[in-house]
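Numbering (full-length UniProt numbering), first residue to last: 1 to 711. Every residue gets a Cβ at the ideal spot worked out from N, C-alpha and C, and that includes glycine. Take a look at the structure set out below.
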């Protein structure tokens, strides 16, 4: 099948390339026409309450709030200006007047992207040392207009406070986004640079590295436009995590497909085939493995559709679509480009023309074939030791942690010196019912200050039959303590104290994440087994056997547990962090299970190929690792490096570390050791009831491939 596919692609490579260019340009044009100059940013959203099922109280509170206090259509992000004396003394009457003048000057400056800058007497801290001003923007926190506006505000504010004895700093979502901007750039640039360097080392050709980046960037533009158009048509928002993970996924899996294909392509060229015949042969040999592995990745991500948390329901299908588009490019665009170039793609290197010596992969294959039981036991022991760390897993819901040493982090510390910890993220309670007045709502708020977690009242407002009461928590709003006490103490108290004839809905970030915690806990019990079953089904259809899919699936589950354990040891143990991001187990499971399956498929497919050529089970394992081990290792190192670039990100550092570790474990422990060792022990029985029949005439051994860094 894939040889026929390859023949069709390489017969008209220019047409294939032009078709891709036209498709991407058309998608980009449609995105601009439908979404305007904002493009995909127009369908981005990050309000967790919007992603919860309607049955949860925080989601009900959000709907009541939107009805009674609607947000303007063009409302955007916010930030908080924190003002205090440079000597940390209390703000005098004169200082407070200066603060008022400064805020008025900023508001009058009409900085592009800034809606209002405002303060009030209530914005002065109880100890008199800190006063706050609220900044409202016209665009989202990540929008370039908002990022530029934060920079302009900071510059103008420093000019205004100079010589006044005051100290000023911005914090909040927009300010944090500005401080993270340089880190986001470093992530993107660092990822591309690492991929380029590794490809140059592996193939000794700058052209392959350059073409890889250009091809994936082109496909990525099309994917982003496609997802934005689908989101707009469906009337939904894309979670910010989509844009954070999408480039990494595209560059990671896209580079994998380039590596898998070019290793075989180079091998066929070395055997004397012309450029087009070589590409057809290469696709015929690895096309099925690439397609099936991509399907395993896609169905794994697709399992997130079953999540009760809307953010996951959007993230999973979005990444699944990205992988499917990328594998389609891997079977069309990538072969067309390199079939057109032929051996020129490997310029200036000439070493590819000569058969390499046996390297680490060959020695590992010989070891596994000679001592399969010992290798399997050692691999299982190592995975078990790492997996033990998973028993200490604690979830953290502080997704908005600020980059240390930045202005937003310093300003937040200054804010907390005068206000309760929950000032930036109040818990909002909405009373709904007839006869509500400001006096009634204020009296209600005072009753709730008796709840231990409540540190103060942030404000009260009434609109018709709905009143909003903002409570400031005394604990970090996203800590386990705050969520536990809001769920256990504040919600029952709010319901019990509600005036007769009214209903209370507890909302705000803390209440929302308390509900998210419950949803995610339920999700894990559903998504993990469903994703595993779907991956198992893909393996069953490809291998047509019963035993191999079972131990392949068991291997990737062991890899996931070991990865989670390593992450707990690194972050909760060595780094002293209170917990791991609550999204981490699901994201790591999706990536490690799917990518682990991806690499295992390539190895076991090669073992089956060698068995069909008449090799014994141990010979087949040794030759399979000698031939397929290097491209799997090269792809694994590149993909791990892609995710490792995320460790400098303020919000995705844990994801980057965990997935990078998981991919390395999948590559070198699962694919290089455990899976070949188990297959060597089971032999042809691994594929039962399918029969792996030797060919009448065993084919001569194919010339081995190896990655330069593995010898």
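By the CB criterion at 9 Å, residue 340 and residue 207 fall outside the cutoff. Per DSSP, the continuous beta strand (DSSP E) segment holding residue 137 begins and ends at 130–137.
Between residue 84 and the set 508, 630 and 418, the nearest pair of CA atoms involves 418.
A distance below 6 Å between beta-carbons, with the five flanking residues on each side excluded, links residue 296 to the following residues of its chain, in chain order: 535, 538, 594 and 597.
For the pair residue 165 and residue 99, the Cα-to-Cα distance works out to about 11 Å. For residue 471, the three-state secondary structure derived from DSSP is strand. With contacts defined by Cβ atoms closer than 9 Å, residue 153 and residue 77 do not form a contacting pair. Within the segment 411–476, the runs of alpha helix (DSSP H) at least 4 residues long that lie entirely inside it are, in chain order, 438–448.
Classified as exposed, residue 689 has fewer than 16 neighbouring CB atoms from the shown chains inside 10 Å of its CB.
Note on geometry: alpha-carbon atoms of residue 466 and residue 102 lie some 34 Å from one another. For the options 541, 416, 587 and 311, the alpha carbon positioned closest to that of residue 231 is the one of 311. For residue 505, the three-state secondary structure derived from DSSP is strand. In the assembly as shown, residue 524 is an exposed residue. Its beta-carbon has fewer than 16 other beta-carbons within 10 Å.
Per DSSP, the unbroken beta strand (DSSP E) holding residue 169 starts and ends at 166–171. Setting aside the 5 residues that flank it on each side, residue 216 is surrounded in the same chain by 250, 251 and 254, each with a C-beta closer than 6 Å to its C-beta; the list follows chain order. By the criterion of at least three beta-carbon pairs nearer than 8 Å, the segment 508–527 is not in contact with the segment 257–276. For residue 387, same chain residues with a beta-carbon under 6 Å away, outside a window of 5 residues either side, are 561, 562 and 565 in chain order.
One alpha carbon belongs to residue 66, the other to residue 462, and they sit about 13 Å apart. Pairing residue 456 with residue 434 gives a Cβ-Cβ distance that is not under 9 Å. If you draw a 10 Å sphere on the C-beta of residue 496, you find fewer than 16 other C-beta atoms in it, and that means exposed. The bridge partners DSSP lists for residue 79 are 135. Within a 10 Å sphere around the beta-carbon of residue 57 sit 16 or more other beta-carbons, which makes this residue buried. Here residue 332 really is in contact with residue 16; their C-beta atoms are around 6 Å apart, less than 8 Å.
Secondary structure at residue 285: helix, using DSSP grouped into helix, strand and coil.
By the Cβ rule, the segment 646–663 counts as touching the segment 574–593, because three or more pairs are nearer than 8 Å.
In the three-state scheme derived from DSSP, where H, G and I count as helix and E and B as strand, residue 377 is classed as helix.
Remark: C-beta atoms of residue 123 and residue 110 do not approach each other more closely than 9 Å. In this structure, residue 499 lies away from residue 430, with their beta-carbon atoms at least 9 Å apart. With a 10 Å radius around the Cβ and a threshold of 16 neighbouring Cβ atoms, residue 147 comes out buried.
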